[in-house]
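To start, the structure under review is shown below, and the notes come after it.
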Amino acid sequence: MKDLIKVGVLGSGTMGSGIAQVAAQAGHRVVLVDINAKALDKAKNSLNKIMKRLVEKGTWTEHFANEAFGRIDFSVDMNDFAGCEMIIEAIVENIEVKHAVFSKMESVVDAHCILASNTSSLSIASIGSVLKNPSRVIGVHFFNPAPLMPLVEIIPAVQTSDEVTQVTRELVDSWKKVTVLAKDTPGFIVNRVARPFYGEALRIYEEGIADFATIDWAMTELGGFRMGPFTLMDYIGNDVNYTVTETVFAAFYYDPRYRPSFTQKRHSEAGYLGRKSGRGYYNYADGVEIPEPIKDIATGEQIKERILVMLMNEAIDALFLNIASKEDIDLAMTKGVNYPKGLLQWANEMGLANVLTKLENLFQEYGEDRYRPSPLLRRMVKSGSTF
Ligand SMILES: NC(=O)c1ccc[n+]([C@@H]2O[C@H](COP(=O)([O-])OP(=O)(O)OC[C@H]3O[C@@H](n4cnc5c(N)ncnc54)[C@H](O)[C@@H]3O)[C@@H](O)[C@H]2O)c1
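Residues in the sequence shown are numbered consecutively from 45, following our numbering.
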């Protein structure tokens, strides 16, 4: 690793300020740029506060915090990126705006500077298409909050050189992150494989099989997930989660497997966005109790298995389409969204023939394409192999 290169971060919002902290605490000089001086001020204050809290908790020494904070330069001028060897862009999710800033960044930096994007849903190939040297573009996808979540998806575009991929991965690994390599396809690994956690839960609710609290109970108590799907959607925000689902659905040419749900759309339209608006699937107002689940084990097991086999099928299909390696698909879900186990390993434990039978039963009962088993699952069951 080239010692402590200068890292640029564009956008000082939720993700950009977290990424700046990660790079600064790893010892890099960091230039954090935002067009909005107020946003930059807010980031400066919040980084200062976060680092002070780390000192109070005894996680960092005061000296370490002062050094880390002192390594970050705050600026409203992209020309200050001069001399950076890598810039990570984390601005608004809009392709035209990203095109404009990537052209500008390239004009400021040296020939070898890597230009990375933290985009969640846009194509890295498209972002890189405006560059004179597109082999230096790459996706570096952190999870929120960036300093705490260990996973980073590294996404080379078709134009990206092998050297850029290797240097980027080594650099992010040196920040004590867990990196996985993902193909430049919608949702990369995590945001693709996790879709059924929300989609199938919503569908089960829409069919009247169970209410929100019961589905959440099945997934936490019986499934071992840290949060149930409705609690999690209320955390993420129904507006944000719905938009991601809609984007992924369109990006996959309307594959029915990713079809959004009217229940979520209506909640979002009604302003029931989740915790941030005080009400989502649950009502968070003071004095209002979260409803009790109906703890019927047989129904709970059915709910858990239906969501789980859909998640496993998605993970298996991602492997079938070479989106990532088997190891990286399992790492991504345990380190990026805290799943209790990797889905491929879990499918092995459940028995692949069992997973296939459950999916085939759903496919037969509903006659819907969303339940089609991955060809890789069929092949593995036929040959008697495991992941
Ligand atoms: N929020 C998440 O959970 C999350 C997770 C992973 C990836 N992402 C991705 O990270 C990116 C940023 O998301 P966020 O949630 O941090 O957004 P945010 O709204 O919190 O912050 C965006 C910042 O970019 C600044 N900005 C906008 N246009 C700019 C420009 N032209 N030049 C410089 N600065 C500009 C804004 O002033 C703002 O401070 C998006 O691409 C998003 O898809 C978000």
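Ideal placement from N, C-alpha and C gives every residue a C-beta, glycine not left out.
Between Ala112, Asp330, Leu352, which has its C-alpha nearest Ala262's C-alpha?
If you number the sequence shown from 1, residue 262 lands on position 218. Checking every option, the nearest Cα to that of Ala262 belongs to Leu352.
Residues in its own chain within less than 6 Å of Ala126 by CB, not counting five upstream and five downstream?
Within the sequence shown, the letter at position 82 stands for residue 126. So the list reads Val152, once near-sequence residues are dropped.
Collapsed DSSP secondary structure at Pro335 in the structure displayed:
By 1-based counting over the sequence shown, the position of residue 335 is 291. Coil at Pro335, not helix or strand.
Check: Glu137 C-beta below 6 Å from any heavy atom of ligand 1
On the sequence shown, position 93 is the one that residue 137 refers to. Yes, ligand 1 has a heavy atom inside 6 Å of this Cβ.
So for Val288, helix, strand or coil by DSSP?
Residue 288 sits at position 244 when you count from the first residue of the sequence shown. In this structure, Val288 counts as helix in the three-state DSSP scheme.
State yes or no: is the C-beta of Gln308 within less than 7 Å of the C-beta of Asn327?
The residue you call residue 308 lines up with position 264 of the sequence shown. The residue you call residue 327 lines up with position 283 of the sequence shown. Contact: no.
Does DSSP classify Ala160 as helix, strand or coil?
The count along the sequence shown starts at 1 and reaches residue 160 at position 116. Strand.
To which residues of the same chain is Met45 closer than 7 Å at the C-beta, ignoring the five residues directly before and after it?
In the sequence shown, counting from the first residue as 1, residue 45 sits at position 1. Because Met45 carries a pLDDT of 48, less than 50, the predicted location of this residue cannot be relied on, and the following value inherits that uncertainty. Excluding residues within five positions, the ones whose Cβ falls inside 7 Å are Glu214, Leu215, Ser218.
Do you know offhand how far Glu81's Cα is from Val120's?
As a first step, residue 81 must be located in the sequence shown, where it is residue number 37. As a first step, residue 120 must be located in the sequence shown, where it is residue number 76. It is Ala, not Glu, that sits at residue 81 in the sequence shown. C-alpha separation (whole angstroms): 6 Å.
Can you grab the Cα-Cα spacing for the pair Met149 / Tyr410, in whole Å?
Sequence index remark: in the sequence shown, residue 149 carries index 105 (1-based). Sequence index remark: in the sequence shown, residue 410 carries index 366 (1-based). One C-alpha to the other measures close to 51 Å.
Around the Cβ of Pro335, are there at least 16 other Cβ atoms within 10 angstroms (buried) or fewer (exposed)?
On the sequence shown, residue 335 is found 291 positions in, with the first residue counted as 1. Pro335 should be labelled exposed.
Is Met122 closer than 7 Å to Glu244 when the C-beta atoms are compared?
Against the sequence shown, residue 244 aligns to sequence position 200. Against the sequence shown, residue 122 aligns to sequence position 78. Not closer than 7 Å, so no.
Test item: CB-CB of Leu91 and Ser61 under 7 Å
Residue mapping note: residue 91 aligns to position 47 of the sequence shown, counting from 1. Residue mapping note: residue 61 aligns to position 17 of the sequence shown, counting from 1. Result yes, Cβ atoms of Leu91 and Ser61 sit closer than 7 Å.
Any chance the CB of Ala188 is under 6 Å from a heavy atom of ligand 1?
Here the question's residue 188 lines up with position 144 in the sequence shown. Inspection of the sequence shows that residue 188 is occupied by Asn rather than by Ala. Yes, Cβ of Asn188 sits closer than 6 Å to a heavy atom of ligand 1.
7 Å Cβ cutoff met for Ala226 and Ala368:
Residue mapping note: residue 226 aligns to position 182 of the sequence shown, counting from 1. Residue mapping note: residue 368 aligns to position 324 of the sequence shown, counting from 1. Going by C-beta atoms, Ala226 is nearer than 7 Å to Ala368.
Do Asp361 and Ser418 have their C-beta atoms closer together than 7 Å?
As a position in the sequence shown, residue 361 is number 317, starting the count at 1. As a position in the sequence shown, residue 418 is number 374, starting the count at 1. A contact, by the Cβ cut-off of 7 Å.
With 16 as the cutoff for other CB atoms within 10 Å, does Phe306 come out buried or exposed?
Numbered from its first residue, the sequence shown carries residue 306 at position 262. Label assigned to Phe306: exposed.
Ile347 Cβ short of 6 Å to ligand 1 heavy atom set
By 1-based counting over the sequence shown, the position of residue 347 is 303. Because no heavy atom of ligand 1 lies under 6 Å away, the Cβ of Ile347 does not count as near it: no.
Proximity of Ile182 and Ala160 at Cβ, strictly below 7 Å
The sequence position of residue 182 within the sequence shown is 138, counting from 1. The sequence position of residue 160 within the sequence shown is 116, counting from 1. Against a cut-off of 7 Å, the Cβ pair of Ala160 and Ile182 comes out as a contact.
Val181 bridges to which residues according to DSSP?
Looking up residue 181 in the sequence shown gives position 137. Bridge partners of Val181: Leu159.
Own chain partners of Gly272 with C-beta closer than 6 Å, once the 5 adjacent residues on each side are dropped:
Locating residue 272 in the sequence shown gives position 228, where the first residue counts as 1. These residues qualify, in order along the chain: Asp260, Met263, Thr264.
DSSP on Leu365, reduced to helix/strand/coil?
One-based indexing of the sequence shown puts residue 365 at position 321. It is coil, neither helix nor strand.
Exposure of Ala87, with buried meaning 16 or more beta-carbon neighbours within 10 Å:
Position 43 of the sequence shown, counted from the start, is the residue given in the question as residue 87. By the 10 Å Cβ count, Ala87 comes out buried.
Quick check: the segment 47-57 against the segment 67-80, are there 3 or more CB pairs under 8 Å?
yes
Would the segment 372-385 count as touching the segment 397-409 if we require 3 or more Cβ pairs under 8 Å?
no
Can you tell me where the beta strand (DSSP E) with Gly52 in it begins and where it stops?
Within the sequence shown, numbered from 1, the residue matching residue 52 stands at position 8. Where Gly52 is concerned, the enclosing beta strand (DSSP E) stretches over 51-54.
Taking 6 Å as the cut-off, is the CB of Ala83 close to at least one heavy atom of ligand 1?
Against the sequence shown, residue 83 aligns to sequence position 39. Because some heavy atom of ligand 1 lies under 6 Å away, the Cβ of Ala83 counts as near it: yes.
Going by DSSP, what residues sit across from Val222 in a beta bridge?
In the sequence shown, residue 222 corresponds to position 178, counting from 1. According to DSSP, Val222 bridges with Leu195.
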